[in-house]
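First comes the structure, then the notes that go with it.
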Amino acid sequence: MADTPSHRFPREAAPAAEGARDAAILRKYGIEPDPVIEAYKRDVDRTLLRQNLARTPDERWQVITQALRLQEELRAAGAKARGR
Amino acid sequence: MAADFRGIVEVLVDGGVEVVVVGGLAAQAHGSARLTQDADFIYSRSPKNIARLVETLAPFAPYLRGAPPGLPFRFDKETVQRGLNFTLTTALGDLDLLGEMLGGGSYELVLPNTVVLNVFGRDLRVLDHPR
């Protein structure tokens, strides 16, 4: 399933180009890209990170609050289903 | 920039879309304390369900997350049929729609390993955690 088509942008759209761009940014600040970090980055959905960084602190707080509400609901539903 | 997770659940369930909650949200249902900020669902690839999925989500302006604005992306039946996994931003919040899942396969393969939980007053199918 590693080769399944995906519409994740831009990670699968141009991973080599993105990797080269990231490496160029790091080198600009005198940092040599770490191959281990680069390998792990392939499996991190950085669109979420970028989206979060684009939010104001207030917006981030709202997202976390909503996420916590859903987490509480899911955990309670799961516990109830397990009879706890 | 919305994060109306309740809205996402309500819209999908009320729209009769065949989905299973997977990923971080499913882990939370089984006790994980890890907080996730997007919703991952595996969806049935049947033509009927794809039509229902598109019709249900279209009003919430699905768009490829991380893509520059203005791309000619249309979330319609043809797009979903030709694609598989979509990481989307919508007016309700971030939403990952998976046609297949690594280690799990398709919706139909995952289905026997799910549990129905009542979430926000709706019956929602969630990936189970074997004991």
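If you're matching them up, the sequences are chains E and D in order.
Under the working numbering, the first residue of the first sequence carries the number 1, and numbering increases by one thereafter.
Under the working numbering, the first residue of the second sequence carries the number 85, and numbering increases by one thereafter.
Every residue gets a Cβ at the ideal spot worked out from N, C-alpha and C, and that includes glycine.
It should be emphasised that the depicted structure is a prediction, and the values quoted were computed from it without experimental measurement.
Within the chosen definition, does the segment 93-104 of chain D reach the segment 121-140 of chain D through at least 3 CB pairs nearer than 8 Å? yes
Helix, strand or coil for Val138 (chain D)? Go by DSSP, reduced to three states. helix
Helix, strand or coil: which one does DSSP assign to Arg209 (chain D)? strand
Can you tell me whether Asn202 (chain D) is buried or exposed? The criterion is at least 16 other CB atoms within 10 Å of its CB, across all chains shown. exposed
By the 9 Å beta-carbon criterion, what residues does the segment 36-55 of chain E contribute toward chain D? Asp45, Arg46, Thr47, Leu48, Arg50, Gln51, Asn52, Ala54 and Arg55
On a Cα-Cα basis, can you pick out the residue from D:Gly187, D:Tyr147, D:Glu162 and D:Leu193 that is closest to Tyr127 (chain D)? D:Leu193
Which residues, taken in chain order from the segment 132-155 of chain D, show a beta carbon closer than 7 Å to some beta carbon of chain E? Leu148, Arg149, Gly150 and Ala151
Chain-ordered chain D contacts of Arg69 (chain E) [CB-CB under 8 Å]: Phe89 and Arg90
Buried versus exposed, by CB contacts within 10 Å (16 or more), Ala39 (chain E): exposed
Taking CB distances under 7 Å as the criterion, tell me whether Arg75 (chain E) reaches chain D. yes
Per-residue DSSP class, three states only, for Leu119 (chain D): coil
Can Val164 (chain D) be considered in contact with the ligand ZN, in the sense that its beta carbon sits closer than 6 Å to one or more heavy atoms? With respect to small molecules bound, the structure shown includes none, and the ligand ZN cannot be examined in it.
Mapping the DSSP letters down to three states, classify Glu50 (chain D) as helix, strand or coil. Here chain D comprises residues numbered 85 to 215, so residue 50 (chain D) is not present and cannot be evaluated.
Is it true that the CB of Gln66 (chain E) sits closer than 7 Å to the CB of Phe89 (chain D)? yes
Whole angstroms are fine: how far does the CA of Gly30 (chain E) sit from the CA of Gly177 (chain D)? 37 Å
Quick one, are the C-beta atoms of Gln112 (chain D) and Leu74 (chain E) less than 7 Å apart? yes
For the alpha helix (DSSP H) containing Asn52 (chain E), name the first residue and the last one. Arg46 to Leu53
Just checking my contact of Asp180 (chain D) with Ala123 (chain D) at CB under 8 Å: how many whole Å lie between their CB atoms? 7 Å
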